[in-house]
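J.: Here's a structure for you.
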Amino acid sequence: MARRSMLDYDLEHPPASYLRLAMEKVLTLYNTSIGKKAVMALTGLVLFGFVIGHCLGNLQVYLGPNPFNKYAAGLKELGALLWAVRGGLLIVFVLHVVTAFQLALATRRARPERYKVKPPEVASTYASQTMFWTGPLLLLFVLYHLAHFTYPGLAFADYRHSTHNVYGNVVNGFSVPWVSSLYIASQMVLGVHLYHGAWSLLQSVGISNTLKNERWRSAAQALALAIVVANITIPLAVVFGLVR
Ligand code: HEM
């Protein structure tokens with residue numbers, strides 16, 4: 001079949017045809033392995049940005065109940081903008097998860113026999129293997145986390161979840177040993193996922209120089225570690241009574 005150009009479409013049915021052609025091109029690219037990896041990298045970058053922003057927001061818990069609750073209320077006051085950001089994040093998150101499953105399936109189909117002795121080149125896929133167990137665990141964590149702090153909101157002992165007292169919700173949740181342990185373990189899983197995610201993103205954009213490579217790897221490691229440590233301090237601060 002002869003290839004069609006933008007001009008052909010323009011002469012036939014402008015401008016809806018431009019949109020259709022653009023959609024066709026996006027879908028054709030998405031159906032390739034490179035296209036899927038690009039989607040993983042881009043959506044991963046957006047989610048990474050969210051995790052950094054969320055972590056900085058959460059650290060305001062150290063300012064005390066009033067500033068932290070004011071910060072949470074300020075976010076809710078954004079109204080339509082907040083819902084637009086939530087919707088965008090949800091689309092990005094779903095794309096990231098669905099594309100990850102598709103890539104995992106394609107890899108499995110391409111290699112139906114399991115290795116008895118792993119050849120050396122398989123070591124390089126270690127990072128992507130960790131992504132496929134840390135990914136589903138993080139998905140479970142996010143589902144629990146949303147149920148805990150957002151909707152319907154969980155409360156322990158005789159405390160009642162309150163959308164106005166987010167500080168109280170955090171202190172109440174992390175006062176329960178299994179909840180704080182779950183969060184601490186999940187943040188470690190997040191660290192592994194972020195580190196390998198950042199690393200494979202850097203490889204996708206073609207960082208090849210060995211010295212630079214090492215620097216980027218260290219930067220990815222440091223950023224993932226900083227987020228994990230900062231997040232873990234919050235349940236620990238509640239457990240040790242520094243935040244109460
Ligand atoms: C110890 C670490 C964390 C703490 C203390 C924490 C705390 C919170 C709190 C208190 C809320 C509710 C905010 C409100 O009602 O205004 C919330 C919402 C949320 N958290 Fe976290 N979080 C942590 C880690 C994470 C991580 C690692 C992720 C993602 C991988 C995440 C994703 C979300 C999402 C998607 C929401 C919903 C935001 C919204 O309602 O628009 N959180 N978090």
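Counting from 1, one number per residue, gives the positions in the sequence shown under the working numbering.
Glycine included, C-beta positions come from ideal geometry on N, C-alpha and C.
Nothing here was measured: the structure is a model prediction, and the numbers come from that model.
Could you check the C-alpha separation between valine 61 and methionine 23 for me, to the nearest Å?
T.: Each residue's alpha carbon lies about 44 Å from the other.
J.: Looking at C-alpha atoms only, which residue of Val97, Val51 and Val179 is the closest neighbour of leucine 139?
T.: Looking at the Cα atoms, Val97 is the closest of the given residues.
J.: Classify serine 162 as helix, strand or coil using the three-state DSSP reduction.
T.: Coil, per DSSP.
J.: Nearest-angstrom Cα distance between leucine 146 and proline 177?
T.: Whole-angstrom Cα-Cα distance: 19 Å.
J.: Let me know if serine 33 comes out buried or exposed under the rule of 16 or more other beta-carbons within 10 Å of its beta-carbon.
T.: With fewer than 16 other Cβ atoms within 10 Å, it is exposed.
J.: For lysine 76 and alanine 222, I'd like the C-alpha separation in whole angstroms.
T.: Cα-Cα distance, rounded: 32 Å.
J.: Could you spell out where the alpha helix (DSSP H) holding phenylalanine 48 opens and where it closes?
T.: First-last of the alpha helix (DSSP H) with phenylalanine 48: 33-58.
J.: Kindly list the residues whose CB is nearer than 7 Å to the CB of valine 171, restricted to its own chain and excluding five residues on each side of it in sequence; keep chain order.
T.: Same-chain partners within the cutoff: Val238, Val243 and Arg244.
J.: Tell me, please, whether the stretch 100-110 touches the stretch 48-59 by the rule of three or more beta-carbon pairs shorter than 8 Å.
T.: The answer is no - the stretch 48-59 does not touch the stretch 100-110, with fewer than three Cβ pairs under 8 Å.
J.: Contact between the stretch 156-169 and the stretch 67-81 is defined here as three or more beta-carbon pairs at a separation below 8 Å; is this criterion met?
T.: Judged by Cβ distances under 8 Å, the stretch 156-169 makes contact with the stretch 67-81, as three or more pairs qualify.
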